[in-house]
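Presented below is the structure to which this report refers.
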Amino acid sequence: MVQNSPTVVVTRKLPDAIETRMMELFEVDLNLDDHPFSREELVDAVGRADVLVPTVTDRLDANVLNQSGEKLRLIASFSTGVDNVDLRAAEQRGITVTNTPGVLTEDTADMAMALILAVPRRLAEGERAVRHGDWKGWSPTWMLGHRIWGKRLGIVGMGRIGQAVARRARGFGLSIHYHNRNRLHEDIENELEATYWESLDQMLARMDIVSVNCPHTPATFHLVSERRLKLMQPRAYIVNTSRGEVINEDALTRALRSGQIAGAGLDVFEHEPAVNPKLLELDNVVLLPHMASATIEGRMEMGELVIINIKTFVDGHAPPNRVIPGEFD
Ligand code: DGY
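When we follow our numbering, the leftmost residue of the sequence shown carries the number 145, and every step to the right adds one.
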C-alpha cells in the first residue's frame with residue numbers, strides 16, 4: 145500500500161494546472177524542461193517513485209521494470225495507449241497500471257477524418273505549392289485529387305475511436321466498412337450503416353480509403369503487412385492515427401513509391417520520432433508528428449484522469465482506469 149502522500153515522478157511536462165493540482169496532493173517530482181527521459185533516468189525514476197506518471201515516449205520494458213524499487217506500486221500513464229509498458233512484467237511485480245481512455249476519442253477521430261480528407265484532396269501539396277510560389281493560377285487540370293463522397297471507408301479496429309471516425313465519415317458521404325476482433329452489436333451497426341468484414345484481407349482489397357484505429361498489441365504488430373498492402377487497390381489511400389507499428393512502414397513506403405497504393409496520411413510512425421527518409425520525399429503522403437490527440441482540452445482531461453487514478457489508488461480503492469494485462473491482445 146502506498147502512503148497518503150506518495151512520491152509521484154512525472155516523466156514529461158504536463159499542463160500547468162495539472163502539475164499544480166498534483167503538487168497540492170502529492171510529493172511530486174516534475175520534469176520542468178520536458179526532455180524525454182533517457183533509459184538511465186527511467187531506471188532511476190522507477191527506483192525511487194511510489195507512483196510513476198509516464199507518457200507514450202517512455203519504454204517501460206521488463207528490463208526497466210525489473211529494476212524498480214519495492215516502493216513502485218502504480219504506473220498512472222498519461223496516455224490511452226500503453227503498448228510502451230510491459231504489462232505482464234508490471235503485474236508480476238505487483239504494479240498496477242492505469243491509462244486515460246475515452247478523453248482522446250473525439251480529437252483523434254477528428255484528425256483521422258482530417259487525414260481522410262487531406263490525402264485524396266491533396267491538401268498539403270496544395271498548401272506547399274502556394275507557400276513555395278509554385279501556384280501559377282487556377283487551371284482546369286491542375287491539383288486534381290479524388291472525390292470523397294460515395295467512396296468506401298474500411299476501418300481497421302472499431303473501438304471507441306473507430307466508431308467516432310465512422311460517425312464523422314458518414315457525414316462526408318462515405319460508406320462504412322469495418323474489421324474488428326469482435327463484431328459490433330447490431331444496433332451500432334445499424335446506426336452507422338456499417339458492413340462487417342470478418343476477413344481483413346477481403347476488406348482491404350475492396351476499400352477506397354482505409355483508416356487504422358486498432359491498438360498496437362503483439363497481435364496487431366504489422367497487421368497491415370507487405371502482403372496485405374499488395375491486396376489494396378492502386379486507387380486506395382490509407383491513414384493511420386493509431387500506432388506506427390500496426391503498419392509495416394518499410395513495405396508501406398515501397399507501396400507508395402511504386403504506386404501500388406495511391407497515398408497515405410500518417411500521424412504515427414514505427415520508430416518515432418524517426419521517419420523513414422524515403423517517406424519524406426513523397427508527395428502523396430501527409431505526415432504529422434503524432435498530434436492527433438493534441439488539444440488543450442484533451443490534455444487537461446488526460447491529466448484529470450491521471451490524478452483521479454492516483455488519488456483513488458492511494459486512498460485504497462480500485463482506480464477507474466486500470467489496464468488488465470491481455471486486455472488489448
Ligand atoms: C495516447 O495517449 O495513446 C496517444 O497516442 C497520445 O497521443
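The beta-carbon is built from N, C-alpha and C at its ideal position, and this holds for glycine as well.
{"query": "Helix, strand or coil, according to DSSP, for A418 in the structure here?", "result": "strand"}
{"query": "Of the residues I454, N465, H434, which one's Cα is nearest the Cα of M167?", "result": "I454"}
{"query": "Could you tell me which of I353, P433, H366 sits nearest to G407, measuring between CA atoms?", "result": "I353"}
{"query": "Could you have a look at L432 and say whether DSSP puts it in helix, strand or coil?", "result": "coil"}
{"query": "In whole angstroms, what separates the C-alpha of V190 from that of L169?", "result": "20 Å"}
{"query": "Looking only at C-alpha atoms, which of N210, N326, S355, I305 sits nearest to V263?", "result": "S355"}
{"query": "In three-state terms, what does DSSP make of G409?", "result": "strand"}
{"query": "Taking A395 and L423 to be in contact with their CB atoms under 8 Å, please state how far apart those CB atoms are, rounded to whole angstroms.", "result": "Their Cβ separation, rounded to whole angstroms, is 12 Å, which puts A395 and L423 out of contact at 8 Å."}
{"query": "For D87, which residues in the same chain have their Cβ closer than 6 Å to its Cβ, ignoring the five residues on either side in sequence?", "result": "One cannot answer for residue 87 here, as it falls past the ends of the chain, which runs 145 to 473."}
{"query": "State yes or no: is the C-beta of T224 nearer than 6 Å to some heavy atom of the ligand DGY?", "result": "yes"}
{"query": "Compare the C-alpha of E393 against each of V153, K215, L248, G409 and name the closest.", "result": "G409"}
{"query": "What residue does the beta strand (DSSP E) around V153 start on, and which one ends it?", "result": "151 to 154"}
{"query": "Identify the residues that DSSP records as bridge partners of R466: which are they?", "result": "T242"}
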